[in-house]
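The structure appears right after this line, and notes come after that.
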Amino acid sequence: MDVKKDQKVVVLATGGTIAGVAEDISKPNNYVSGQLGVNQLTQNLVAHGVALIQEQVCNIDSKDMQFSHWQALLERCHFWLSQNDVVGLIVTHGTDTLEETAFFLQAVLQPTKPVAMTCAMFPANVPQSDGSKNLQDAFDWVLKNQDNGVHLVCAGEVHFGIGVQKIFSDRAKAFASHSEKALAEHSPIGQIDWPLPTVEKVLKTQHWPRVELIFNHAGEDGQLVRNLLDANELLKPGSQPNSNDISSANANQNSRVAGIVVAGTGSGTLSHGLELALMEAQKAGLWVARTSRCAYGVSDPAKHPNIPSLDKLSPVQGRVAMMLGLLARSEN
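Counting along the sequence shown from 1, when you hit position 51 you're at 42 in this note's numbering, and nothing is skipped either side.
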């Protein structure tokens, strides 16, 4: 491996199972995430003579990931990527919301250096622990500089951040990509036409657009969409007592739904009732879009031409894409 002594790699830790500890090592599924610090995670890492910088951004179970955590992680990624002597980043993360964070970082940063996200499916202190190997693989991949942008390095595979998704909850090889090849050709942000906010705008925003995720399913009649529209009406300025004071107005604005992403059946198809309700939502000013609820589904733009398709994005990545698009067009 050809490395230079003045090169630096930065590890940004956020918690997750990779930093988790089981009380009884014979019961690896009973553990608490986010118990080990970044220095403990990297103590056996072979750095190949490269300077290693470590930061603890947060230490949480990724099911509890909040926008404030994303902002903190984005700020540190943006800072370190701007340093000339930093060749790449590694982000340790829980598996549950990793695909959302991966999309977020890729879409906002569109980095020209490698950013490897890595994780674990088993806590750090059990015999089948997989975190140390995943971390080493991520480090080696960054040094090889095979591809720019955000990727997941896990279980001996590399997946581009857009299109990756967690498909198993009980296996070390928990992730897959939409493409047949894990390292497939890709566009920088996927097949979306929405604008993207700048790093600066994301870092300063205090009010994130509210985007809800709805599934099409047997018996879906669109009532949930109509309930959201009714709730929005109740949260309009002046619609409630005391709603004109600043704190109440801000709370109401944050609670109002700005967009809806639908996980459609098959190729992003919608029941007749749901399609009509979504068109009502469009008339009310909401953004709406379709994805497929299938693991490797593609939402066909020809199926429901009035409801935009998000192509190969998963429902949760489509939701992040819509939030970023709304944020880019907001005045916050």
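We put the CB at the ideal spot given by N, CA and C, even for glycine. Bear in mind the structure is a predicted one, so any value in this text is a computation, not a measurement.
### Task
Could you give the DSSP three-state label for Thr8: helix, strand or coil?
helix
### Message
Does the contact criterion of 3 or more C-beta pairs under 8 Å hold for the segment -2 to 12 versus the segment 31 to 43?
### Response
Yes: at least three Cβ pairs fall under 8 Å.
### Task
Could you give the DSSP three-state label for Lys157: helix, strand or coil?
strand
### Message
In the DSSP output, which residue or residues are listed as bridge partners for Phe151?
### Response
His142
### Message
Between the segment 109 to 121 and the segment 195 to 215, can you find at least three pairs of beta-carbon atoms closer than 8 Å?
### Response
no
### Query
From Tyr22 to Ala268, what does the alpha carbon distance come to, in whole angstroms?
43 Å
### Query
Going by other Cβ atoms of all chains shown within 10 Å of its Cβ, with 16 needed for buried, is Phe70 buried or exposed?
exposed
### Gly288 classed as buried or exposed, judged by whether at least 16 other C-beta atoms fall within 10 angstroms
buried
#### Entry: Alpha-carbon to alpha-carbon, Asp161 and Pro19
So the alpha carbons of these two residues sit roughly 11 Å apart.
### Task
Quick one: measure Cβ to Cβ for Val307 and Glu90, integer angstroms, because I've assumed they're closer than 8 Å.
6 Å
#### Entry: Three-state secondary structure assigned by DSSP to Leu174
Unreliable placement is indicated for Leu174, whose pLDDT of 37 sits below 50; the coordinate value is still reported in the next sentence. Leu174: coil per DSSP, three-state reduction.
### Message
Between Asn116, Phe166, Phe159, Glu322, which has its C-alpha nearest Thr189's C-alpha?
### Response
Glu322
### Query
Can you check whether the CB of Leu80 is closer than 8 Å to the CB of Leu27?
In this structure, Leu27 lies away from Leu80, with their beta-carbon atoms at least 8 Å apart.
### Task
Using 10 angstroms around the beta-carbon of Ser290, count the other beta-carbons present and answer buried if the total reaches 16, otherwise exposed.
buried
#### Entry: Residues of its chain near Thr88, where Cβ-Cβ distance is below 7 Å and the 5 sequence neighbours each way are ignored
Ser53, Lys54, Met56
### Task
Measure the Cβ-Cβ separation of Val99 and Thr5 and say whether it is below 8 Å.
no
### Chain-order list of residues whose beta-carbon lies under 7 Å from that of Glu203 (same chain, five-residue window excluded)
Leu219, Val248, Ile251
#### Entry: C-alpha distance - Ala129 paired with Phe113, whole-angstrom precision
17 Å
### Cut-off 7 Å between Cβ atoms - residues of its own chain near His169, not counting five sequence neighbours on either side
Residues Gly154, Tyr287, Lys303 of the same chain have their beta carbon placed closer than 7 Å to that of His169, with the five preceding and five following residues left out of the count.
### Assigned secondary structure, Lys(-1) (DSSP; H/G/I helix, E/B strand, else coil)
strand
### Task
Could you tell me which residues DSSP pairs with Glu203 in its beta bridges?
Ile251
#### Entry: Reference Gly147, options Gly40, Lys164, Lys(-1), closest by Cα
Lys164
### Task
State buried or exposed for Ala293, treating a residue as buried only when at least 16 other CB atoms are found within 10 Å of its CB.
So Ala293 counts as exposed.
### Task
Identify whether Asn223 lies in helix, strand or coil by the three-state DSSP scheme.
helix
### Task
Classify Arg359 as buried or exposed, calling it buried when 16 or more other Cβ atoms lie within 10 Å of its own Cβ.
Nothing about residue 359 can be reported from this structure: the residues present for the chain run from -8 to 323 only.
### Query
Excluding sequence positions up to five away, which residues of its chain have a Cβ less than 6 Å from the Cβ of Phe95?
Excluding residues within five positions, the ones whose Cβ falls inside 6 Å are Trp61, Val311.
### Query
Based on Cα-Cα distance, which residue from Asn207, Trp278, Asn50, Lys192 lies nearest to Glu66?
Lys192
### Message
If I measure Cβ to Cβ from Ile237 and keep anything under 8 Å in the same chain, skipping five residues before and after, which residues do I get?
### Response
Caution applies to Ile237, whose pLDDT of 46 falls short of 50 and renders its modelled position unreliable; the value that the coordinates give is listed next. Within the same chain, Ile237 has no close Cβ partners at all.
### Message
Measuring straight from C-alpha to C-alpha, what distance separates Asn139 and Gly259?
### Response
31 Å
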